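Peer 1: Per my numbering, the very first residue in the sequence shown carries number 34; after that it's consecutive.
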Amino acid sequence: MTDLLPVAASVETAAPVETAASVETAAAAGRRRASFNPLVVADVRRLTADAIEVTFEVPEDLAAQYDYIPGQYVALRATIDGQDVRRSYSICAEPQPGEIRIAIKRDLGGIFSTYANESLRRGDVVQVMSPQGAFISRHAMTGLNHPDELQAELARTAATSFVAFAAGSGITPVIAIAKTALAASPSTRFDLVYVNKAAMDVMFLEELADLKDRYPARLAVHHVLTREQRISPLMTGRIDAEKLAAIFSTVLQADDVDEWFLCGPFELVQLCRDTLTARGVPDDKVRYELFTTGDPKKPEGNIGRPVLLDESAKSVEITFRLDGRQGTVASPVHAQESILNAALRVRPDVPFACAGGVCGTCRAKLISGTVQMSENYALEPDEIARGFVLTCQSHPTSDTVNVDYDA
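(1) DSSP three-state label for Lys318, please.
(2) When the Cα atoms are used, what is the spatial distance from Leu225 to Phe198?
(3) For Arg380 and Ser163, I'd like the C-alpha separation in whole angstroms.
(4) Are there 16 or more other CB atoms within 10 angstroms of the CB of Glu239, so buried, or fewer, so exposed?
(5) For Asp117 and Leu241, what's the separation of their Cα atoms in angstroms?
(6) With distances taken from CA atoms, which of Ser364, Ser407 and Arg378 is nearest Asp432?
(7) Report all residues from its chain with a CB closer than 7 Å to the CB of Thr269; omit the five preceding and five following residues, and keep chain order.
(8) Which residues bound the beta strand (DSSP E) around Leu253?
(9) Assess, as a yes-or-no matter, whether the stretch 350–366 is touched by the stretch 200–211 under the definition of 3 or more beta carbon pairs within less than 8 Å.
(10) Using C-beta distances below 7 Å, list every residue in its chain close to Gly327, excluding the 5 sequence neighbours before and after it, in chain order.
(11) What are the uninterrupted segments assigned as alpha helix (DSSP H) that are 4 or more residues long and contained completely in the stretch 270–295, given in chain order?
(12) May I ask you to report which of helix, strand or coil DSSP gives Gln160?
(13) Use the C-beta contact count for Thr283: other C-beta atoms within 10 angstroms, 16 or more gives buried, fewer gives exposed.
(14) Contact check, Val161 vs Phe69 under 8 Å by CB: the rounded distance?
(15) Jot down the residue ranges of each uninterrupted alpha helix (DSSP H) in the stretch 195–271, minimum 4 residues, whole runs only, in chain order.
(16) Any chance the stretch 368–375 sits against the stretch 78–98, with 3 or more Cβ pairs inside 8 Å?
(17) How long is the line joining the alpha carbons of Arg247 and Asp307, rounded to whole angstroms?
(18) So, are the CB atoms of Ala108 and Arg119 less than 9 Å apart?
(19) With DSSP run on the structure shown, which of helix, strand or coil describes Tyr148?
(20) In angstroms, rounded to a whole number, what distance separates the CA positions of Asp437 and Phe324?
(21) List the endpoints of the continuous alpha helix (DSSP H) containing Asn374.
(22) Under 8 Å: do the stretch 74–83 and the stretch 142–154 share three or more Cβ pairs, one atom per stretch?
(23) Look at the alpha carbon of Gln286 and the alpha carbon of Cys392, and state the distance between them as a whole number of angstroms.
(24) Beta-carbon within less than 6 Å of Ala440's beta-carbon, same chain only, minus the 5 sequence neighbours each way: which residues are those?
(25) Use the C-beta contact count for Thr221: other C-beta atoms within 10 angstroms, 16 or more gives buried, fewer gives exposed.
(26) Check for me: the beta strand (DSSP E) holding Thr403 runs from which residue to which?
(27) Within this structure, are the beta carbons of Val434 and Gly402 separated by less than 9 Å?
(28) Counting only the same chain and skipping the five closest in sequence on each side, list residues whose C-beta sits under 8 Å from that of Pro71.
(29) Restricting to Cα atoms, I'd like to know which of Ala278, Asn409 and Gly201 is closest to Asp140.
(30) By how many angstroms is the C-alpha of Asp415 removed from the C-alpha of Glu350?
(31) Ends of the beta strand (DSSP E) at Ile417?
(32) Would you grab the beta carbon distance between Arg134 and Thr88 for me? Rounded to a whole angstrom, and I think it's under 8 Å.
(33) For Ser407 and Gly313, I'd like the C-alpha separation in whole angstroms.
(34) Rounded to whole angstroms, what is the Cα-Cα separation between Ile113 and Ile280?
(35) Lys480: buried (16+ other C-beta within 10 angstroms of its C-beta) or exposed?
(36) Using a Cβ-Cβ cutoff of less than 7 Å, which residues in the same chain neighbour Ile336 once the five nearest sequence positions on both sides are dropped?
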């Protein structure tokens, strides 16, 4: 997938900023209650000089917790140099019984991605969160919550044309979606525009070639290299508005696309979204997932940054419910800390993965009080309307606040 928005001062690229049509059953398909379990590493396979594919064994007693829809992600948790570090990575394969596969690309200064690429070995045990995320086909948002049901729905419906834009490790969820969609129906067509710096950076190159051989008339892969010359000028160099317009005019048939998937850095995804909107593509046909939110420099602690507690200073009382237990913590107004940060100071098991408003793992329902959300790239409009907030981005604006992580 994509390595999630940084939780610490080091900058790692991100993933789960998923969105599309607001569908009330999104909670069932993509917002399952997150929980970590120790899983054994079954295999580590190198994809490029800076990327690996990791396969985890899923025991039978946990199989139901690790069912997933192609396009979803898992968060990993490890203690690295004495620090509790969590990062999220997209699942890179179609559902297979007994396993979960992810891809981890090393990022400059990335704590977890560097650890994984240099140290992760077969037989290691890693804390892996149950699959989350809504970067999935909209057919999975109509009440489907099992991969077999999704495949049957894709085969039954008239949705036959998909287009994806992926950059770098953004290919991770996209390749899982493409494999599933192409296998589901003989009438499905999938176009992929895949952007990388150079040929040596292309992840899953052999898998994409094999997929193309399997579906030569229904899969088209358009490789764009930003720092390496290709024969076609259109497939060379950074994608800007002019180049993107040319791709739409000469390579893609935008008017006949049933569903769009965009996965990459903020600038590219936003450019694609703006272009699709200008071409009249309805929002409910477009799903996107970001590496970063465009502002990746906000430091957040993995276990809650410390705050100066002064009994004489004004505080906000934050009450939260988690796993049936209620907790309360006083948050000094001057600290301007998030609900998540405050809760982590008294309950280190509060769920979160990115702390950047991206993944939605820290989602909770606001029961009483008022908050202001700094960022939101994960919640659907209907979830906000029903009172859900991202606690990593929610700052109290009332004297008391009560949230429910179990809702």
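Think of the CB as a built atom: it goes at the ideal place given N, C-alpha and C, for glycine as much as any other residue. All values derive from a computational prediction rather than experimental measurement.
Peer 2: Quick look at the numbers:
(1) In the sequence shown, residue 318 corresponds to position 285, counting from 1. Correct three-state label for Lys318: helix.
(2) In the sequence shown, the residue the question calls residue 225 occupies position 192. In the sequence shown, the residue the question calls residue 198 occupies position 165. Their backbone Cα atoms lie some 6 Å apart in a straight line.
(3) Here residue 380 is taken as the residue at index 347 of the sequence shown, counted from 1. Here residue 163 is taken as the residue at index 130 of the sequence shown, counted from 1. Going from the Cα of Arg380 to the Cα of Ser163 covers about 20 Å.
(4) In the sequence shown, counting from the first residue as 1, residue 239 sits at position 206. So Glu239 counts as exposed.
(5) Your numbering for residue 117 matches position 84 in the sequence shown. Your numbering for residue 241 matches position 208 in the sequence shown. Distance between the alpha carbons of Asp117 and Leu241: 35 Å.
(6) As a position in the sequence shown, residue 432 is number 399, starting the count at 1. When the alpha-carbon of Asp432 is set against those of Ser364, Ser407 and Arg378, the nearest one is in Ser364.
(7) Against the sequence shown, residue 269 aligns to sequence position 236. If we look at Thr269 and ignore the five residues flanking it on each side, its Cβ neighbours are Leu258, Gln262 and Arg263.
(8) Locating residue 253 in the sequence shown gives position 220, counting from the first residue. It should be noted that the sequence gives Ala, not Leu, for residue 253. Its beta strand (DSSP E) spans residues Leu252 to Leu258.
(9) no
(10) Translated into positions along the sequence shown, residue 327 becomes position 294. In this prediction, Gly327 has a pLDDT of 47, which is less than 50 and means its spatial position is unreliable; what the coordinates show is noted afterwards. Excluding positions up to five away in sequence, the list reads Phe299.
(11) DSSP runs (the alpha helix (DSSP H)) wholly in the stretch 270–295: 274–283.
(12) Taking the sequence shown and counting its residues from 1, the one referred to as residue 160 is at position 127. Here Gln160 sits in strand by DSSP.
(13) Along the sequence shown, one-based indexing puts residue 283 at 250. Exposed is the call here.
(14) Within the sequence shown, numbered from 1, the residue matching residue 161 stands at position 128. Within the sequence shown, numbered from 1, the residue matching residue 69 stands at position 36. A Cβ-Cβ separation of about 7 Å places Val161 in contact with Phe69 under the 8 Å criterion.
(15) 204–217 and 238–247
(16) no
(17) Stepping through the sequence shown from its first residue, residue 247 is reached at position 214. Stepping through the sequence shown from its first residue, residue 307 is reached at position 274. Rounded to the nearest angstrom, the gap between the Cα atoms of Arg247 and Asp307 is 33 Å.
(18) In the sequence shown, counting from the first residue as 1, residue 108 sits at position 75. In the sequence shown, counting from the first residue as 1, residue 119 sits at position 86. Their beta carbons are under 9 Å apart, which means Ala108 touches Arg119 by this criterion.
(19) As a working note, residue 148 is residue 115 in the sequence shown. The answer is helix: DSSP assigns Tyr148 an H, G or I state.
(20) Here residue 437 refers to the residue found at position 404 when the sequence shown is read from its first residue. Here residue 324 refers to the residue found at position 291 when the sequence shown is read from its first residue. Rounded to the nearest angstrom, the two C-alpha atoms are 28 Å apart.
(21) To locate residue 374, count along the sequence shown from 1; it is residue 341. Residues Ile372 to Leu377.
(22) Enough Cβ pairs lie closer than 8 Å, so yes.
(23) In the sequence shown, counting from the first residue as 1, residue 286 sits at position 253. In the sequence shown, counting from the first residue as 1, residue 392 sits at position 359. About 31 Å.
(24) Position 407 of the sequence shown, counted from the start, is the residue given in the question as residue 440. Answer for Ala440: Lys398, listed in chain order.
(25) Here residue 221 refers to the residue found at position 188 of the sequence shown. Flag for Thr221 reads buried.
(26) By one-based count along the sequence shown, residue 403 stands at place 370. Counting along the chain, Thr403 falls outside any beta strand (DSSP E), and DSSP gives it neither H nor E.
(27) As a first step, residue 434 must be located in the sequence shown, where it is residue number 401. As a first step, residue 402 must be located in the sequence shown, where it is residue number 369. In this structure, Gly402 lies closer than 9 Å to Val434 by Cβ.
(28) Locating residue 71 in the sequence shown gives position 38, counting from the first residue. Around Pro71: Val158, Val159, Gln160 and Val161.
(29) In the sequence shown, residue 140 corresponds to position 107, counting from 1. Comparing Cα-Cα distances from Asp140 to each of Ala278, Asn409 and Gly201, the minimum goes to Gly201.
(30) The residue labelled residue 350 in the question sits at position 317 within the sequence shown. The residue labelled residue 415 in the question sits at position 382 within the sequence shown. Going from the Cα of Glu350 to the Cα of Asp415 covers about 27 Å.
(31) The residue labelled residue 417 in the question sits at position 384 within the sequence shown. Note, Ile417: premise wrong, no beta strand (DSSP E); alpha helix (DSSP H) at Pro414 to Ala418.
(32) As a position in the sequence shown, residue 134 is number 101, starting the count at 1. As a position in the sequence shown, residue 88 is number 55, starting the count at 1. Right, the Cβ-Cβ distance comes to about 5 Å (below 8 Å), so this counts as a contact.
(33) Your numbering for residue 407 matches position 374 in the sequence shown. Your numbering for residue 313 matches position 280 in the sequence shown. Going by C-alpha positions, Ser407 is about 30 Å away from Gly313.
(34) Position 80 of the sequence shown, counting from 1, holds the residue named residue 113. Position 247 of the sequence shown, counting from 1, holds the residue named residue 280. Across the structure, Ile113 and Ile280 are spaced so that their CA atoms are roughly 43 Å apart.
(35) This structure cannot settle anything about residue 480, because the visible part of the chain is limited to 34 through 440.
(36) Counting from 1 along the sequence shown, the entry for residue 336 is found at position 303. Confidence is the limiting factor: at Ile336 the pLDDT is only 46, short of 50, which leaves the residue's position unreliable, though a coordinate-based value still follows. The residues are Asp117, Leu377 and Pro381.
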